[in-house]
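Asker: Below is one structure. I have some questions about it.
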Amino acid sequence: VSETMSTNEENKPPLNGRRAIPPSYSNDEENEVPEMEAFGVIPRGFNPRDYLRVVDMYMFKDPHEVNKQEHHTDKYYNPRLIVRRGQAFQIQIDFNRPYKPETDQFWLEFLIGRNPQQNKGTYIPVLVGNVLKPGQWGAKIIHRQNNSIRLSIMSSTTCIVGKFRLYVAVLTPFGILRTRRNSATDTYILFNPWCQLDAVYLDDEKERQEYVLNDVGVVFHGNAEDIKSRSWSYGQFEENVLDACLFLMDKAELELSGRGNPIKICRVASAVINSRDDDGVIVGSWNNSYDNGVAPSAWTGSVDILLEYYSSKQPVRYGQCWVFAGVFNTFLRCLGIPARLITNYSSAHDNNANLRLDFFLDDEGKVDTRLTKDSVWNYHCWNEAWMTRPDLPVGFGGWQVVDGTPQETSDGMYRCGPASVQAIKHGHVCFQFDAPFVYAEVNGDVFYTRMEKNGTQVVESIDTTRIGQLIVTKEVGGDGMMDITEEYKFREGSDEERLALETAVMYGVKKQSIQDTTYQPQTEVEMDFQAQKAVLGNDFKVTITFRNKSRNSYTATTYLSGNIVFYTGVTKSEFKKHSFSAELEPSSSRSFDIVIRSSEYMSELLEQASFHFFVTARINETGKILAVQKAVVLEIPALRIKTKGELIAGKEASVIVEFTNPLKQTLENVMVRLEGPGVLRTIKKQFGRIPMNSTLTWEVKFTPMRPGLRRLIASLNSDALRHVYGELNVQIQKP
């Protein structure tokens, strides 16, 4: 079999001295393949019909047939054969006469992209032999009957992941006869977490069911004291999603020969998920105005975003971190790489990566927004993908952090990862890719620094426990939360934690030493701040408590600043200022309540309903300053979803979505979305307005396709109110 199949002359790329064949970046493009490849002059009497000829091929590609069942690909809504690498699959070939092994010779050819080459893994001839070797390409006959044979075919465990074209080639004395191009025999080959020799092998079946085959998930948001959750539809098996994911690799210009490597795939995907640099999938927007697009909070899943991008080839507007992470998770699970969505509460966005987030205070003890460049996100979502890391020393395989949200550039592009979680925990941040940035996201210290008139910086207080205080993901097999903070860091204050920090500093994470600033911690008086659980649209109370542990009487000039913030910790506006003087008796505690009225915050509110309270107090007698900050997230009322009648596959049913406006104002421009992977494609409906205390009711008729446990997810979006979600698990019966 020739190394590269010759094409007609005018298609030949020009020689450029280095390589005759340009790199192949597209899974979609193809060359024509000759049906008769002659060895020389063909004699006049030659008739191809005298030789063995393929009449038909059966791929066993229906969801209930052997291949999709054994390869765990029966859920893909796709008519072609989909198999996982390193595992045998079956096809049947019907010839024009019985196959005679003594004289007939044929082989299979799998091709991907343009200019397929054997040494690049893009042209794969598969010969028929007597045994299949694990992890290597091969084929053997398992059944012969009349003119038909059934083959068992093994693919390589390092094979390129993508869509291959399949030909059968028959050898004749005068040339090679090939089957015609037939797209019905195209075969998708995916990663195989069930195969021990695959780089993404995961040994626990429950985890494979969750991290590869579950098409819905949960996103945790809010903040660490007040965790909120919502469902997200990954929909990796929905129609055209697999093709859209392969298109992302074309878009990222990942050479076909690199597409068997999960490290390379994750690295380029983390760049192409966001639109910075490369016109990738989603445009990020954190400024609360979402013209000509969909507000990040309105999306209920990844499918709409991926399919819109696949058809328009234009970035989709708009996303924030959980949207990038949700789409990235779909991409990874769709290709067969085990993946999960992670939330890091109080995530540091440390602009100069010195493990120190500086909040500068002015004379009065208020935060100086001009000088303060670092920010603490209430939460930040990223992904973990499971794979071996042959490029790193032993022990750093397993979960790897990948992040598609554009925060900082890495090697000149907005991308992040894969970074080994194990390396981050132990401070071994020298190993590629982007480990120092992720280390800072979960390990920084918050410094409150006051600038004196003469320019000296006085550190008033240091908070070592706030950053990365809780890291979570959805539990396996349920919707609850699993705390994985210990995977990223040792217990706060333990010897191991100190050692990991010293290691990280040794490997080049900058840690500003405390010596270059004056810091005298203040121990005599403690200040604490608590907020009452609050529902959007209602008044609520906050409490400042002082504990004077000394024998002296003090007065504390106290300043409370209430700010409306983006979940990224960036302030939009200050809506509440309140100062008072607190008389503190020796050895006693005293609390002060302050009421926050809905009329003060409603007009300014941003979509995630998050506040940031900043309290500073100056002890007049000693000049010491106390500082404390806290994020508060309001409770947003939920959508209610219910179904009418029985749910039977193939029979029409009804779902009803209801919402009561809790605000003291009319909601304008209301848009409701409803979707359920495997149940119904996203439906949107615009409602003009909902007056206060009124209830919106929307009934949707749908026909569920497949039996089983499914989830419906809905969102409501309006000018004044966003981040309204509802969900319902439904059991669809067999007909």
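Everything in the sequence shown is counted per UniProt numbering, starting at 1 for the first residue and increasing by one.
Every residue, glycine too, gets a C-beta built ideally from N, C-alpha and C.
1) Mind checking whether ILE263 and VAL327 have CB atoms under 9 angstroms apart?
2) Please report the distance separating the alpha-carbon of VAL429 from that of VAL394.
3) My guess is that GLY478 and GLY260 are in contact by the Cβ rule of under 8 angstroms, so how many angstroms apart are they, rounded?
4) Can you tell me the Cα-Cα spacing of LYS644 and ALA653, whole angstroms?
5) Whose C-beta lies closer than 7 angstroms to the C-beta of ASP304 among residues of the same chain, with five residues either side of it excluded?
6) Buried or exposed: which applies to HIS143, given that a residue is buried once 16 or more other Cβ atoms fall within 10 Å of its Cβ?
7) Over the uninterrupted alpha helix (DSSP H) stretch that includes ASP304, give me the two end residues.
8) According to DSSP, GLU226 sits in a beta bridge with which residue or residues?
9) Kindly list the residues whose CB is nearer than 8 angstroms to the CB of GLN105, restricted to its own chain and excluding five residues on each side of it in sequence; keep chain order.
10) Using beta-carbon positions only, say whether TYR318 and SER270 come within less than 9 angstroms of one another.
11) Could you name the residues of the same chain whose beta carbon sits closer than 7 angstroms to that of TRP377, not counting the 5 residues immediately before and after it, in chain order?
12) DSSP puts ASP358 in a beta bridge; with which residues?
13) Relative to the C-alpha of ALA298, which candidate in PRO315, TYR309, TRP322 has its C-alpha closest?
14) Three or more beta-carbon pairs under 8 angstroms between the region 91 to 105 and the region 43 to 55, yes or no?
15) For a test of the three-state rule: what should DSSP assign to GLN515, helix, strand or coil?
16) Using only alpha-carbon positions, find the residue among SER183, LEU392, ARG640, GLY365 that is nearest to ASP28.
17) Threshold first: 4 residues or longer. Then list the alpha helix (DSSP H) segments lying entirely within the region 592 to 643, N to C.
18) Considering only residues of the same chain and omitting the five flanking positions on each side of TYR601, which have a CB-CB separation below 6 angstroms?
19) Looking only at its own chain, which residues have a Cβ that is under 7 angstroms from the Cβ of ASP516, when we skip the five neighbours before and after it?
20) Using only alpha-carbon positions, find the residue among THR555, ASP539, THR456 that is nearest to PHE546.
21) Consult DSSP for LEU470 and reduce its assignment to one of helix, strand or coil.
22) Nearest by alpha-carbon distance to PRO704: which of ILE648, ASP374, ASN354, CYS159 is it?
23) Could you give the distance in angstroms between the alpha-carbon of SER553 and the alpha-carbon of SER599?
24) Going by DSSP in three states, LYS439 sits in which element: helix, strand or coil?
25) Buried or exposed for residue 744, please, with buried defined as at least 16 other CB atoms from any protein chain shown within 10 angstroms of its CB.
26) Would you say LYS474 and GLU635 are within 9 angstroms of each other, going by their C-beta atoms?
27) I think LEU190 touches LEU335, with their Cβ atoms under 8 angstroms apart; what is that distance to the nearest whole Å?
28) Locate the beta strand (DSSP E) running through TRP377, then write down its first and last residues.
29) Please list the segments of the beta strand (DSSP E) lying wholly inside the region 49 to 91, counting only runs of 3 or more residues, in order along the chain.
30) Enumerate in chain order the residues of its own chain whose CB-to-CB distance from ASN717 is below 6 angstroms, with the five nearest sequence positions on each side excluded.
31) Report yes if the C-beta distance between ALA720 and LEU639 is below 9 angstroms; otherwise report no.
32) How many angstroms separate the CA atom of GLY493 from the CA atom of ASN443?
33) Would you call VAL525 buried or exposed, if buried means 16 or more other Cβ atoms sit within 10 Å of its Cβ?
34) Would you call MET36 buried or exposed, if buried means 16 or more other Cβ atoms sit within 10 Å of its Cβ?
35) Measuring alpha carbon to alpha carbon, tell me which of LEU728, ILE619, THR660, HIS71 ends up nearest THR695.
36) Ordered along the chain, which non-local residues of its own chain (more than five positions away) have a Cβ less than 6 angstroms from that of GLU621?
Answerer: Reading off the structure:
1) no
2) 15 angstroms
3) Actually they are not in contact, since the Cβ atoms of GLY478 and GLY260 sit about 34 angstroms apart, beyond 8 angstroms.
4) 7 angstroms
5) THR682
6) Taking all protein chains in view, the Cβ of HIS143 is surrounded by fewer than 16 other Cβ atoms within 10 Å, so the residue is classified as exposed.
7) 303 to 312
8) Reading the sequence as shown, one finds Asp at residue 226 and not Glu. ASN223.
9) If we look at GLN105 and ignore the five residues flanking it on each side, its Cβ neighbours are VAL170, LEU171.
10) no
11) SER347, HIS349, TYR567, THR568, GLY569
12) PHE447
13) TRP322
14) Remark: three or more beta-carbon pairs, one from each stretch, lie closer than 8 angstroms, so the region 91 to 105 and the region 43 to 55 are flagged as touching.
15) With a pLDDT of only 48 at GLN515, under 50, the local geometry of the prediction cannot be trusted, and no value is derived from it.
16) SER183
17) 598 to 601
18) PHE575
19) With a pLDDT of 48 at ASP516, under the threshold of 50, the modelled position of that residue is not reliable, and no figure is offered here.
20) THR555
21) In the structure shown, LEU470 adopts extended strand secondary structure according to DSSP, grouped into three states.
22) ILE648
23) 37 angstroms
24) Note that residue 439 is Tyr in the sequence shown, not Lys. Correct three-state label for TYR439: helix.
25) This structure cannot settle anything about residue 744, because the visible part of the chain is limited to 1 through 735.
26) no
27) 6 angstroms
28) 375 to 387
29) 54 to 58, 81 to 84
30) ALA295, ALA298, MET671
31) A distance of 9 angstroms or more separates the beta carbons of ALA720 and LEU639.
32) 12 angstroms
33) buried
34) exposed
35) THR660
36) Exclusion of the five residues before and after GLU621 leaves TYR554 as the residues of its chain whose Cβ lies within less than 6 angstroms of its Cβ.
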